[in-house]
Amino acid sequence: MKSRLDDPEVQKRMAEQKAIAEARAAREAEKRAAKLAIKQAEEAARLAAKREAERKAQEELARRRAAEIEAANAAARRAADQRNRAHTLAAAHKAMQDARKARQR
């Protein structure tokens, strides 16, 4: 008595079904790989955008600090100029007083 598994038609159908199942599994694996690649690319893009935003924030902070330092330096220069003018005016005033006193003598 011959087994059905020995029948060439049955073996042919089983081989076809196996090939179809393997092809389906390969397509599913490709889909999973593609989804994973997309997910990784999105994550990489998100991280790159985050790094860029952080870099821009650092640049803006550095710009603001430089502007604050420049403003402080300008204020210090103005204060020094005012002190110098005040000293000059005081010296001129004293010289005029001394000259007036000298004329009065």
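Taking my numbering, I'd label the letters of the sequence shown as residues -15 to 89. Backbone N, C-alpha and C fix where the C-beta goes; we use that ideal spot for every residue, glycine too.
Secondary structure of residue i, DSSP reduced to three states
| i | result |
| --- | --- |
| Arg89 | coil |
| Asp(-10) | helix |
**Request:** Mind listing, in chain order, the continuous alpha helix (DSSP H) runs of no fewer than 4 residues lying wholly within the region -1 to 67?
**Result:** none
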